[in-house]
Amino acid sequence: MYKKIDFLHEKLIVIPDNVIENCKLDPIIGSLYISDMGYFPCAKNHYRMRSQGSKNHILIFCVSGKGVVKLDGKKYTLKKNCLCIIPANTSHTYYADNTEPWSIYWIHFQGFLSTSYIEWIQHGRVISEINQIQHSKFIRHFNRCYTLLEKGFSIDRMVISASLLGTLLSNVSYKLTEEETFNDESDTVDRCIKFMLSNLGECLDLKKISKEFCISKSHLIYLFKEQTGCTPINYFIHLKIQKACKLLKSTQLNIKEIAHIVGYNDPLYFGRIFKRIMGDAPSVYRKINKE
6 MYKKIDFLHE KLIVIPDNVI ENCKLDPIIG SLYISDMGYF PCAKNHYRMR
56 SQGSKNHILI FCVSGKGVVK LDGKKYTLKK NCLCIIPANT SHTYYADNTE
106 PWSIYWIHFQ GFLSTSYIEW IQHGRVISEI NQIQHSKFIR HFNRCYTLLE
156 KGFSIDRMVI SASLLGTLLS NVSYKLTEEE TFNDESDTVD RCIKFMLSNL
206 GECLDLKKIS KEFCISKSHL IYLFKEQTGC TPINYFIHLK IQKACKLLKS
256 TQLNIKEIAH IVGYNDPLYF GRIFKRIMGD APSVYRKINK E
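Heads up, the sequence shown is in my numbering, so the first residue is 6 and it goes up one at a time.
Encoded structure:
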């Protein structure tokens with residue numbers, strides 16, 4: 006049961022199904038990706054019931070007012086600065102309070118690491134309280150992700166949005182304090198990824214990347230592993246291969262030309278890297294994806 010209501014100044018993005026299907030198969034994005042996201046301010050009469058649950062996990066962050074979330078027959082009040090994650094395929098109902106309707110940020114997400122993120126965040130709780138630092142970081146990362154996807158669903162945008170989602174979920178799990186000095190280190194990784202995407206045709210190494218952002222190589226490796234699960238160079242290689250996949254599917258460029266575009270002067274070496282990551286040689290991948 007669903008009553009569709011338009012809320013003044015609402016934000017809403019729905020990722021197309023064909024993009025979602027590509028996300029599921031992508032070696033980077035497939036671990037964690039957004040399917041829908043939005044912001045409903047002062048959402049009076051907002052109501053949603055799914056007896057069979059949703060195919061996606063649903064994150065709801067209440068920033069003002071309050072509402073009710075029912076999970077498997079149990080009722081929970083979601084108040085200001087509280088967050089709830091409804092696991093996929095879980096019967097649920099949620100609605101805004103009649104007298105103090107909530108304002109909520111929400112994200113529908115999936116991926117083979119999504120359940121692990123949920124377990125890490127909830128620690129057995131249904132409702133989690135969010136402190137001011139977490140609140141600020143959530144809004145900042147949400148808005149960056151929303152602005153990014155608002156402009157389209159290219160592979161580059163989906164990769165960065167996946168990274169931002171991972172950072173957002175990490176921030177709501179770990180309660181930072183004012184004294185901690187690494188509040189903005191997630192920004193370093195985001196800026197590194199943007200730098201990589203702008204230099205896919207170059208042969209960046211760890212020294213060049215760390216020098217660009219005035220950070221030690223060891224600390225850069227730590228940050229990337231902490232936030233993406235990859236080393237910076239492996240992440241960069243995956244971005245190159247994703248660019249190559251896009252070119253193989255959407256252009257008539259030959260393998261040598263594509264290899265050069267993504268920074269490989271030796272097409273044979275490029276072919277070995279591509280096959281190691283994608284499972285097929287570039288020519289086979291192109292044939293399969295053009296049929």
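Here a beta-carbon is modelled for each residue, glycine too, at the ideal position from N, C-alpha and C.
I112 counts as buried, since at least 16 other C-beta atoms from the protein chains shown sit within 10 angstroms of its C-beta.
In this structure the segment 89-98 lies against the segment 54-68, because at least three pairs of beta carbons, one per stretch, are closer than 8 Å.
In the structure shown, A93 falls within a coil segment according to DSSP collapsed to helix, strand and coil. A residue is called buried when at least 16 other Cβ atoms come within 10 angstroms of its Cβ; P21 does not meet this threshold and is exposed. Residue range 137-155 is occupied by the alpha helix (DSSP H) that includes H140. In the DSSP assignment, P106 is bridged to K71. Approximately 19 Å separates the beta-carbon atoms of K292 and V267; this is outside 8 Å, ruling out the contact. Under DSSP, F66 takes part in a beta bridge, and its partners are L88, Y110. Here the alpha carbons of Y100 and S119 stand approximately 24 Å from one another. The beta carbon of G116 sits closer than 7 Å to those of G35, S36, L37, Y38, all from its chain and outside the five residues before and after it, given in chain order. Taking a cut-off of 8 Å on C-beta distances, the segment 279-292 does not touch the segment 217-235, as fewer than three cross pairs fall below it. Counting only residues of its own chain and dropping the five nearest sequence neighbours on each side, H243 has a CB closer than 8 Å to the CB of P32, I33, C235, I282. Straight through space, the alpha carbons of C208 and E217 are spaced by roughly 14 Å. By the neighbour-count criterion, in which 16 or more other beta carbons inside 10 Å mark a residue as buried, T172 falls on the buried side.
In the displayed model, K49 falls within coil according to three-state DSSP, outside both helix and strand. A Cβ-Cβ separation of about 6 Å places I160 in contact with K251 under the 8 Å criterion. Between F200 and A249, the CB-CB gap reaches or exceeds 8 Å. Annotation for V164: the continuous alpha helix (DSSP H) segment containing it runs 160-178. Per DSSP, the unbroken alpha helix (DSSP H) holding S121 starts and ends at 119-127.
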